[in-house]
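The structure appears below as structure tokens.
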Amino acid sequence: MVSENMRGAITLNVTEKKITLTKVACHHLTSLKQFTLHEHQLAFTSMPMPAYQKSMRDPNRIPVAIMEGVRTVGFFVLDQGDDVFSYTTRPNAILLRAYSINLPDQGRGIAKASLRQLKPFVEKHRPDCREVVLGVNKNNPSAKKVYIQAGFIDTGKQKMGRSGPQAILKFLM
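The numbering used here applies: residue 19 is where the sequence shown begins, and numbers increase by one.
This is the structure:
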């Protein structure tokens, strides 16, 4: 069930977990600074703090915290800057980037639950958006599987990323 609370955060209850997407605020930063990832995951995504800091310098980027109750368990950035056109030609698209779930919280369904909330979150914060795009490294099939299960479609196109070829996925709003 998807609902909106009084602060405007979009929530989804999945197997009794309350997973919330919300714009990053100052009180999330301590948790984001303490995030850990598997070493091999660093080839595929950015750590939250550098991505957050870049977002603070770019008005086209929205840093998003993935919450389980009051705990910050994940992070990503929605980017409407020019980089999105490396993935799509649609003018009202947004790029999902720097997606990560904190290492101790991985494998618990949080990624899938958070991605199911992407549509209502984007509709609220970027109502003109018609497509969410992302690149997933060809050597990261587990991440691709999660995105596909959440409703993303493989476009059949690819682009070169910092760690090799990436499949371009899209989610139509």
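All residues carry an ideal CB built from backbone N, CA and C; glycine is no exception. No experiment lies behind these values; they were computed from the predicted model shown.
Counting only the same chain and skipping the five closest in sequence on each side, list residues whose C-beta sits under 6 Å from that of Asp123.
Within the sequence shown, the letter at position 105 stands for residue 123. Taken in chain order, the residues that qualify are Val91.
Express the C-alpha separation of Phe139 and Asp97 in angstroms, rounding to a whole number.
Along the sequence shown, read from residue 1 onward, the residue named residue 97 stands at position 79. Along the sequence shown, read from residue 1 onward, the residue named residue 139 stands at position 121. Straight-line Cα distance between these residues: approximately 14 Å.
Is Ala83 close to the ligand NAP? I mean its beta-carbon at under 6 Å from any heavy atom of the ligand.
With respect to the ligand NAP, the structure shown offers nothing to examine, as it has no ligands at all.
Give a yes or no on whether the C-beta atoms belonging to Leu187 and Phe170 are separated by under 7 Å.
Position 169 of the sequence shown, counting from 1, holds the residue named residue 187. Position 152 of the sequence shown, counting from 1, holds the residue named residue 170. For Leu187 and Phe170, yes; Cβs fall inside 7 Å.
With a floor of 4 residues, list each alpha helix (DSSP H) that falls wholly inside the region 76-119, ordered by position along the chain.
Complete alpha helix (DSSP H) runs here, min 4: none at all.
Between the C-alpha atoms of Thr107 and Ser160, what's the straight-line distance to the nearest angstrom?
Your numbering for residue 107 matches position 89 in the sequence shown. Your numbering for residue 160 matches position 142 in the sequence shown. Going from the Cα of Thr107 to the Cα of Ser160 covers about 27 Å.
Using C-beta distances below 7 Å, list every residue in its chain close to Ala43, excluding the 5 sequence neighbours before and after it, in chain order.
Position 25 of the sequence shown, counted from the start, is the residue given in the question as residue 43. Excluding residues within five positions, none has a Cβ falling inside 7 Å.
Who are the near neighbours of Ser181 in its chain, counting only those whose CB is closer than 8 Å to its CB and skipping five residues on each side?
Numbered from 1 along the sequence shown, position 163 holds the residue referred to as residue 181. Here the set comprises Ala61, Phe62, Asn155, Asn157.
Quick one: grab the DSSP three-state call for Phe139.
Against the sequence shown, residue 139 aligns to sequence position 121. In the structure shown, Phe139 sits in a helix (DSSP, three-state: H, G or I).
Among Phe103, Pro109, Lys72, Ala83, whose alpha-carbon lies nearest the alpha-carbon of Thr38?
Your numbering for residue 38 matches position 20 in the sequence shown. Ranking Phe103, Pro109, Lys72, Ala83 by Cα distance to Thr38 puts Ala83 first.
Counting C-beta neighbours from all protein chains within 10 Å, is the total for Gly99 16 or more, i.e. buried, or is it exposed?
For this step, residue 99 is matched to residue 81 along the sequence shown. With fewer than 16 other Cβ atoms within 10 Å, it is exposed.
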